[in-house]
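Let me begin by presenting the structure, written as structure tokens, before commenting on it.
Protein chains: 4
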Amino acid sequence: MNSWGDKFRVTIWGESHGTQVGVSIDGVPAGIALQEEDFLSDLGRRKAGGAGTTTRTESDYPHIVSGIYEGHTTGAPLTIVFENENTRSGDYRNLVAHPRPSHADWVAQRKWNGYNDPRGGGHFSGRLTLGLVAAGVVAKKILGDEITFSTNIIEIGGEQDSQKFEQIIEQARMAQDSVGGVVECRATGIEVGWGEPFFDSAESLIAHLMFSVPAVKGVEFGDGFASSRMRGSQNNDMIIDSEGHTSTNHAGGIVGGITNGSDLIVRAAIKPTASISQEQVTFNFEHGQVEPLVIKGRHDVCIALRAAVVVEAVIAMALAELKLRA
Amino acid sequence: MNSWGDKFRVTIWGESHGTQVGVSIDGVPAGIALQEEDFLSDLGRRKAGGAGTTTRTESDYPHIVSGIYEGHTTGAPLTIVFENENTRSGDYRNLVAHPRPSHADWVAQRKWNGYNDPRGGGHFSGRLTLGLVAAGVVAKKILGDEITFSTNIIEIGGEQDSQKFEQIIEQARMAQDSVGGVVECRATGIEVGWGEPFFDSAESLIAHLMFSVPAVKGVEFGDGFASSRMRGSQNNDMIIDSEGHTSTNHAGGIVGGITNGSDLIVRAAIKPTASISQEQVTFNFEHGQVEPLVIKGRHDVCIALRAAVVVEAVIAMALAELKLRA
Amino acid sequence: MNSWGDKFRVTIWGESHGTQVGVSIDGVPAGIALQEEDFLSDLGRRKAGGAGTTTRTESDYPHIVSGIYEGHTTGAPLTIVFENENTRSGDYRNLVAHPRPSHADWVAQRKWNGYNDPRGGGHFSGRLTLGLVAAGVVAKKILGDEITFSTNIIEIGGEQDSQKFEQIIEQARMAQDSVGGVVECRATGIEVGWGEPFFDSAESLIAHLMFSVPAVKGVEFGDGFASSRMRGSQNNDMIIDSEGHTSTNHAGGIVGGITNGSDLIVRAAIKPTASISQEQVTFNFEHGQVEPLVIKGRHDVCIALRAAVVVEAVIAMALAELKLRA
Amino acid sequence: MNSWGDKFRVTIWGESHGTQVGVSIDGVPAGIALQEEDFLSDLGRRKAGGAGTTTRTESDYPHIVSGIYEGHTTGAPLTIVFENENTRSGDYRNLVAHPRPSHADWVAQRKWNGYNDPRGGGHFSGRLTLGLVAAGVVAKKILGDEITFSTNIIEIGGEQDSQKFEQIIEQARMAQDSVGGVVECRATGIEVGWGEPFFDSAESLIAHLMFSVPAVKGVEFGDGFASSRMRGSQNNDMIIDSEGHTSTNHAGGIVGGITNGSDLIVRAAIKPTASISQEQVTFNFEHGQVEPLVIKGRHDVCIALRAAVVVEAVIAMALAELKLRA
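Protein chains in written order, with this note's numbering: chain A, 918 to 1243; chain B, 918 to 1243; chain C, 918 to 1243; chain D, 918 to 1243.
Shown next as structure tokens:
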């Protein structure tokens, strides 16, 4: 299903080469000042154009078609659509016969008996993340100014020195290849008490949405996998005052599924872009044999760059849901 | 909320020192042969007693109180309860005043205004995972014999050589400390086509439940965080035959949120047990100052040992949900 | 599925002749004073024993097995179980072969391929409404003292003069027959603003639960079916003061799906008990022909009498859900 | 929330005087032939223009903006939008100060602190039912040709002779008034076994959606309220053959919450249109006193006429959900 959330419910639709992609956001409290311009900054962060991103330029302007009256949210569903301008009708038969490795081309065909829209990845397209970014903007409005986000690429191709990122990406591009990366998001100012033990733990909700973002293959909170290598005496966070502040934050802001007021720290492992320019040898279902495949077009060398704002957006969505439940 | 799932809905309840813990499982197809003995093997894997686990012995016998008729599931909710025998009424006031570091004691008090049951962690107790393990057993029945699970501790305290695990645990125990670990679960025999892009991706559902398991702080699929350090040419899985088999399985069996027929590979980072025997210095809310705290009783040195079957159980739960949706 | 509610989530289980029936109630705010005695009054109203009800005496004592600590709700699931004492193992094969008219016997067999528990109606048993009544008691605690319920049988067998009810029931009993009735519930003190237009209208939530009560075949709000015979000038409720009070209450307290502060007025049509003592001629699936059937045992002549408190309970459940959402 | 359904999930948005109203339908199986023309017949039945309906002419053309590829559904969300052409920006301040009786004007203001869109009823507008009718068309495609619907106005203003309907409406129009009516829908060809006891009874799902339709104030199945006046011997439906056919259909096709293969029979009581031309005396919040109010514009004298197809649509929606769950 393409909707998520009980109190902050987000519904997305669209295909890469269809008429539009869109998002409807329900559960938004009435009275929040909001206009189309408010979306431009985060949408810009998602845009192609920087180093390691595609040169496809598309109109990502957010058209609000419901839920706003006189510059404020009304309590009714807030719906935002993005026109697909840069679509080309072309011959996608080859893509059906010769599915791209590590893309959803083949599983989608199997799942939907060949009725899926294959053009440009169809409903799997990264363009659908426009709706997630938009929902993230609305989520941040709900969270208010007290909560601030800091999201960074902390690793690319295994390198943690950010000054070398550009070079690593350029080397991958030269090699007609791609690279993965790690995105870290910190959110400051979260109240104590959001989330629950077990199924509705704060980690569960956040991770659920993180793994909804294409290319995310790992998620960790606080020290995450590193904590599995620690002893308890190293990993425990001592409470040091009557406000519940802790001397350290190995937990990443969540204990027992519940926020403890410390910074939320989340990291996502982003796999290297599956589309690479170099020739790959994979099965051609029409010809019934393994054959070389060259994927045409321009692709993001490092999708982690554009994924960062999407990761931040879905974390904001999860936090808005948690806040509205609390 | 303490329930999860649309088609395979699991509801849990209970407290560490209450009358019972239980689980009700709805959506189980009628006609599955099932009896109480079927639960004993997995419940035994969760039991304390091995190296690195507590010596508390408790009756973990599963009493089926609804949903079975003449040895088969009926289509009505299957409810299983476990009596709490080893409870002691004692003075828990100290625990309220002096909350244990990296436990939910303090956040629970804040969230529920002091009305939470503090005894033995109350509703946060690991005893609640009895219900998860039981639900996992039922989930496996739904998945059938074609799907097999192999779950292992692949790392303890940073060490990957399993022959050294016992020694590492013993050293931690000697140091009145605890250690974390990594659990890996592989599931073989999964059909192509379970899961969806975005919110209902197979990874989202599985990760959601994985982070419901106490002590899990990281989750990754396939190469996970390692894939973020690869190039696309290294990470891509080439399709090699008409059945969609791939030459490699970096993806861990899920592409675009959808299972591709390869083995599902999931890893969970388990933090070191928060309860350690050595003295910790943390805030005493009654006295208004930081004070030494000694946690009494026996605790698991390495909770990862007992968590393994719980991790496997929730993966089975997620897969049962995905199968019933497909 | 056997659970309902997003914020006030009720899960029920059990069979007529199983070990127990039970209910787990999630989303109950912490700090509500609650003990087993609080349930006895409403459970007593549901009990058999009055005119027109069965003579089966059963222990309906509510055992709280989770969610209470020191006499107050904890915020964790509140679970209540009822032992089934008056069960008899007997020969139910006849019931399978010769399903009772207007009971679920046959559809249940078809739906669950014969694996359903047929004993005493199995999971369809009216005993399951014990859990609903218990949930209703908890719901009323959440609603608080400001909201009061008045629930009455306003019609039996088409007769509206309550002084004749006993006689009508006695006549039906003499005829080895049963009679239907109409239950009306009024709830006073509801705030303005609960519910939403369309899918989550207050009427939708209430009616959803009303039709979950066995034997309910019609539901109406305010003037209901009578309003369909009116003109707008007769049916409209004029606002008469700054508090939004209306001169009349044809709407039954809900406008546009939202409560308007007037009394909630709901009526349920209860069909006559399907089990009657007189001989019925219906199909015997074993013999492959229509044959006389005599249903043994004692049955409620007018189930509307016992349904009244169940109707009130589910209305309270819906209102608690609406209040917690607001 | 403005979405409904687990397997057939419908999300609606829009306002009377906004840019558009729309609907996104998720869970539609792939491979169903569908085009915009398929919607025109049912949308036409909803259209104003017949006797007793408004003369407002609006473009109700359904633009499919996602979920279709080469004339078939893809398995991705199917989204349909309708442009709002006939909107007028005007002075709605009067409507805010002087809310219309038996409309949602006042409760909406209270609920959303005055931030609701008041123009033409805003999000409460009957225009939102365009999305319901569209969803109903898709639902019928899922149900297939075996299931047929027959929906009729069986009563207007208390009159059951359909030949007098036109006259009754004309008399009401002359009196600057409106009239209510009763819609009956019969669906033939439904399989045995859809629905469940208790919360997910077929009646619960259908009634939930019926009460989502504006102006519906009562819902009954089979003999409904009439069955409450019967004896069991009159109301019971005897099974007469091995296919489970019954000699009568007092139950309206549902027993124990489960469809039994007989025709589904549902009736909805539609209240008279709240907007009437004659002067009404109601509270003016700006002036702080009761004052005469004249509602301008043209209104449906008998909204039951246009509601019929909406009632049929939501029944189809509920049945599609039930079928996809089965």
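Idealized CB from N, CA, C, for every residue including glycine.
Worksheet item: If you draw a straight line from the C-alpha of T928/D to the C-alpha of T991/A, how long is it?
Response: 17 Å
Worksheet entry | For T1046/D, the first and last residue of its enclosing alpha helix (DSSP H) | 1046–1060
Worksheet item: Among K964/B, I1064/B, V938/B, H989/B, which residue has its Cα nearest to the Cα of S983/C?
Response: V938/B
Worksheet item: Could you check where the alpha helix (DSSP H) with I1086/B kicks off and where it finishes?
Response: 1082–1091
Discussion item. DSSP three-state label for R1212/D, please.
Written reply: Sequence inspection shows Ile at residue 1212/D; the Arg mentioned does not correspond to that position. Coil.
Worksheet entry | Residues of the segment 1020–1034 of chain C whose Cβ lies closer than 9 Å to any Cβ of chain B, in chain order | A1025, K1028, W1029, N1030, G1031, Y1032, N1033, D1034
Worksheet item: My guess is that E1137/D and K964/C are in contact by the Cβ rule of under 8 Å, so how many angstroms apart are they, rounded?
Response: Wrong, their Cβ atoms sit about 29 Å apart, outside the cutoff.
Fill in: Minimum Cβ-Cβ distance from M918/C to chain B less than 8 Å
yes
Discussion item. Just to confirm the assignment, what range does the alpha helix (DSSP H) spanning R1223/A have?
Written reply: 1221–1242
Discussion item. For a test of the three-state rule: what should DSSP assign to N1011/D, helix, strand or coil?
Written reply: helix
Worksheet entry | G1098/A in three-state terms, based on DSSP | strand
Worksheet item: CB V1055/A to CB V945/A, shorter than 8 Å?
Response: yes
Worksheet entry | Inter-stretch contact (C-beta, 8 Å, three-pair minimum) for the segment 1123–1134 of chain D and the segment 1181–1189 of chain C | no
Worksheet item: Hey, is V982/D's beta-carbon within less than 8 Å of any beta-carbon in chain A?
Response: yes
Discussion item. By the three-class DSSP mapping on this structure, what secondary structure does Q952/A have?
Written reply: coil
Practice prompt. Give the secondary structure of D1022/B by DSSP, where H, G and I count as helix, E and B as strand, and everything else as coil.
Written response: helix
Practice prompt. Using a cut-off of 7 Å between C-beta atoms, extract the partners of D923/A located in chain C.
Written response: D923
Worksheet item: In terms of alpha-carbon separation, which member of A1089/B, G1061/B, S1150/B lies closest to A1089/A?
Response: S1150/B
Practice prompt. Indicate the three-state DSSP secondary structure (helix, strand or coil) for E1076/A in the structure shown.
Written response: strand
Worksheet entry | Secondary structure of H1040/C, DSSP reduced to three states | helix
Practice prompt. Run through the segment 1125–1201 of chain A for me and flag every whole alpha helix (DSSP H) of 4 or more residues, listed as ranges in chain order.
Written response: 1141–1144, 1149–1152
Worksheet item: So, helix, strand or coil for I1123/A, using DSSP?
Response: helix
Worksheet item: When DSSP labels each residue in this structure, what does G939/B get in the three-state scheme?
Response: strand
Worksheet item: With distances taken from CA atoms, which of E954/D, L1222/D, D943/D, A1237/D is nearest V1096/D?
Response: L1222/D
Worksheet item: Among G1031/C, V1211/C, F1041/C, E1002/C, which one has its Cα closest to the Cα of G988/B?
Response: G1031/C
Practice prompt. My understanding is that A1051/A touches V940/A, with C-beta atoms under 8 Å, so please give their C-beta distance in whole angstroms.
Written response: 5 Å
Fill in: Separation of A1168/A from G1141/A, as counted between CA atoms
8 Å
Worksheet item: By the criterion of Cβ-Cβ separation under 8 Å, what are the contact partners of F1202/D in chain C?
Response: S1159
Discussion item. On a Cα-Cα basis, can you pick out the residue from V1109/A, N1166/A, A1233/A, Q1195/A that is closest to C1102/A?
Written reply: A1233/A
Worksheet entry | First through last residue of the beta strand (DSSP E) which encompasses G931/D | 926–931
Worksheet entry | Within-8 Å CB hit, D955/D to chain A | no
Item to complete: Within the same chain, show all residues whose beta-carbon is closer than 6 Å to that of F1082/A, passing over the 5 residues directly before and after it, in chain order.
Response: I1073
Item to complete: Anything in the segment 1076–1087 of chain D with a Cβ closer than 8 Å to a Cβ of chain C? List those residues in chain order, please.
Response: none
Discussion item. I need the boundaries of the beta strand (DSSP E) containing S958/A, first residue and last residue.
Written reply: Per DSSP, S958/A belongs to no beta strand (DSSP E); it is in the alpha helix (DSSP H), 957–963.
Worksheet item: Is DSSP giving R1103/D helix, strand or coil here?
Response: strand
Fill in: For V1109/C, the residue or residues it bridges with in DSSP
N1177/C
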